[in-house]
Ligand SMILES: *Cc1c(COP(=O)(O)O)cnc(C)c1O
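In our numbering, the protein residues as written are -18 to 439.
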């Protein structure tokens, strides 16, 4: 039985071949720290009766494992097989190759972000996006901020501060806890005037609520819920007319705001941004990383005089976009100029438009391969039908027929156990638990090998 004497010193440890390799990978400082921690652990193990020689032999491996664990980040790439295409908790839209390349270029070299290449004078960062946004939406003008919550905030603050803003009780939404329309209005400094009831709001509700203090009528897309049954809401067209007659601004917060009609892929018809503009809204707000398929951003499109006022708000500077996202957005928006190839190039639409039979064929192909990797751990895999969702508050009650793998094992907690195993992989695989099984919806799996590779690390 060997004691403390069997342990090397930190310096001796650092001289070994194995630790030299770790120093190459992680740097001397981190390796030295990890070596100290491992030696401390070894000493206390020996105090508790462990053998010094055995402990000493384990040291390089333990240090390597500690360093690898510390270097692993939760931000590592993973596979979203939840069936929710735009998963807010998983970062929403996957960007197109074009957007990624543009973002890369923007990170790697200087660019004319606020510089006019013709005159050599000062330019404006929003100029890179304004024209194409106007072209795609039919709006007069456009401005861009950090996200759609910021778009709503700055628009309400600019146009409604110290005055009243009218919203239907059926549209006083909360999105993901921290974004509640009444709270945003309070922060914007505008007085919320609620009209109608939860299920029904009529034109006269708005008309009667207008006072000399009214600044805005706000229409909010009820993104993450649907009121069904005995309902009535005032459409964008009528609301625009009411606002115009009352000489107040009508703003339509679309939320997901698609630039293209999704019904061509079997999804329910929702007004596009261009349609909301054409209905007569003075301003329309929408997100960059929802159906649009770009990075996080918030767009405000509409009347030039109103956009000019918003751009003068000091909040604009606090909420502006960085060059990386502006570059990625420009590349994303340009894809919309070529509608024929849009679904090939824009991952969000490519995934949403995948037909169920294609996904089912993929599931059939993958089932035996996945089953072979799960079998040693006591789990089985079978092909199943399932239902995908868009996510991020777009068409909240609609599902898209999909297919995937149903993973099962012995015992009532099998799905939870397997789910934890797959989350801990170097490339985590995230599914959803349904009906006593862990279901992997394959709608968002563009590369079969990625799943097989990920599971090989089980
Ligand atoms: C998602 C959403 C927002 C918030 O947009 P972010 O881009 O997430 O800030 C605001 N309003 C509506 C209606 C939404 O659906």
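By construction, the Cβ of each residue, glycine as well, lies at the ideal position given by its N, Cα and C atoms.
Shortest alpha-carbon distance to residue i belongs to which of the options?
| i | options | result |
| --- | --- | --- |
| residue 148 | 156, 215, 382 | 215 |
| residue 12 | -1, 24, 295, 179 | -1 |
| residue 424 | 332, 235, 14, 180 | 332 |
| residue 47 | 33, 84, 20 | 20 |
| residue 66 | 78, 412, 93 | 412 |
| residue 162 | 199, 320, 302 | 199 |
| residue 455 | 371, 438, 211, 414 | For the chain, the structure presents residues -18 to 439; residue 455 sits outside this window and is missing. |
| residue 450 | 367, 400, 304 | There is simply no residue 450 to check, as the chain begins at -18 and stops at 439 in what is shown. |
| residue 101 | 107, 93, 241 | 93 |
| residue 38 | -13, 51, 60, 83 | -13 |
| residue 226 | 202, 344, 197 | 197 |
| residue 367 | 336, 346, 358 | 336 |
| residue 233 | 243, 219, 18 | 219 |
| residue 314 | 75, 116, 5 | 116 |
| residue 51 | 249, 6, 108 | 6 |
| residue 383 | 195, 98, 349, 345 | 345 |
| residue 356 | 327, 17, 437 | 437 |
| residue 252 | 201, 298, 213 | 201 |
| residue 351 | 430, 24, 369 | 430 |
| residue 275 | 80, 318, 25, 16 | 80 |
| residue 242 | 293, 349, 167, 334 | 334 |
| residue 360 | 246, 112, 369, 394 | 394 |
What separation, rounded to the nearest whole angstrom, lies between the Cα atoms of residue i and residue j?
| i | j | result |
| --- | --- | --- |
| residue 139 | residue 169 | 8 Å |
| residue 90 | residue 267 | 30 Å |
| residue 193 | residue 153 | 23 Å |
| residue 416 | residue 354 | 22 Å |
| residue 141 | residue 262 | 16 Å |
| residue 181 | residue 150 | 8 Å |
| residue 405 | residue 58 | 12 Å |
| residue 277 | residue 2 | 40 Å |
| residue 365 | residue 390 | 16 Å |
| residue 281 | residue 103 | 23 Å |
| residue -9 | residue 9 | 12 Å |
| residue 396 | residue 418 | 5 Å |
| residue 385 | residue 128 | 33 Å |
| residue 347 | residue 403 | 16 Å |
| residue 211 | residue 175 | 19 Å |
| residue 401 | residue 270 | 28 Å |
| residue 410 | residue 77 | 21 Å |
| residue 240 | residue 320 | 11 Å |
| residue 144 | residue 54 | 47 Å |
| residue 340 | residue 428 | 12 Å |
| residue 133 | residue 184 | 23 Å |
| residue 286 | residue 85 | 35 Å |
| residue 29 | residue 392 | 37 Å |
| residue 325 | residue 159 | 35 Å |
| residue 189 | residue 293 | 32 Å |
| residue 484 | residue 217 | One cannot answer for residue 484 here, as it falls past the ends of the chain, which runs -18 to 439. |
Could you pull the DSSP bridge partners for residue i from this structure?
| i | result |
| --- | --- |
| residue 389 | 361 |
| residue 11 | In the DSSP output, where bridge partners are listed per residue, residue 11 has none listed. |
| residue 418 | 415 |
| residue 122 | 283 |
| residue 174 | 147 |
| residue 368 | 382 |
| residue 265 | 233, 282 |
| residue 198 | 147, 231 |
| residue 61 | 411 |
| residue 160 | 156 |
Under 7 Å between the Cβ atoms of residue i and residue j?
| i | j | result |
| --- | --- | --- |
| residue 310 | residue 316 | no |
| residue 291 | residue 122 | no |
| residue 422 | residue 62 | yes |
| residue 120 | residue 230 | no |
| residue 118 | residue 312 | no |
| residue 432 | residue 426 | yes |
| residue 273 | residue 135 | no |
| residue 264 | residue 283 | yes |
| residue 33 | residue 64 | no |
| residue 125 | residue 110 | yes |
| residue 27 | residue 36 | yes |
| residue 388 | residue 362 | yes |
| residue 106 | residue 307 | yes |
| residue 250 | residue 379 | no |
| residue 213 | residue 260 | no |
| residue 328 | residue 75 | yes |
My understanding is that residue i touches residue j, with C-beta atoms under 8 Å, so please give their C-beta distance in whole angstroms.
| i | j | result |
| --- | --- | --- |
| residue 187 | residue 223 | 5 Å |
| residue 208 | residue 179 | 7 Å |
| residue 60 | residue 408 | 7 Å |
| residue 131 | residue 279 | 5 Å |
| residue 69 | residue 373 | 5 Å |
| residue -6 | residue 40 | 6 Å |
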